[in-house]
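One structure is given below, encoded as structure tokens.
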Amino acid sequence: MYQKSTTTIVFLHSWGQFMKIRDASETS
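No gaps in the numbering here: position 10 of the sequence shown is 10 in the UniProt record's numbering, and each next residue is one more.
Here is the structure:
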């Protein structure tokens, strides 16, 4: 269960980074 929650946190963090980069590229 700990492993699963860690994977979820990493996935959400990566998704957040992706969305941030995508938004930055769209506005520029």
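Note that CB positions come from ideal geometry on N, CA and C, so glycine has one too.
Computed from a prediction, not measured in an experiment: that's the story for all the values here.
- The beta carbon of glutamine 3 sits closer than 8 Å to none of the beta carbons in its chain outside the five residues before and after it.
- Distance between serine 25 and threonine 6, taken at the CA atoms: about 29 Å.
- CA-CA distance, isoleucine 9 to lysine 20, rounds to 16 Å.
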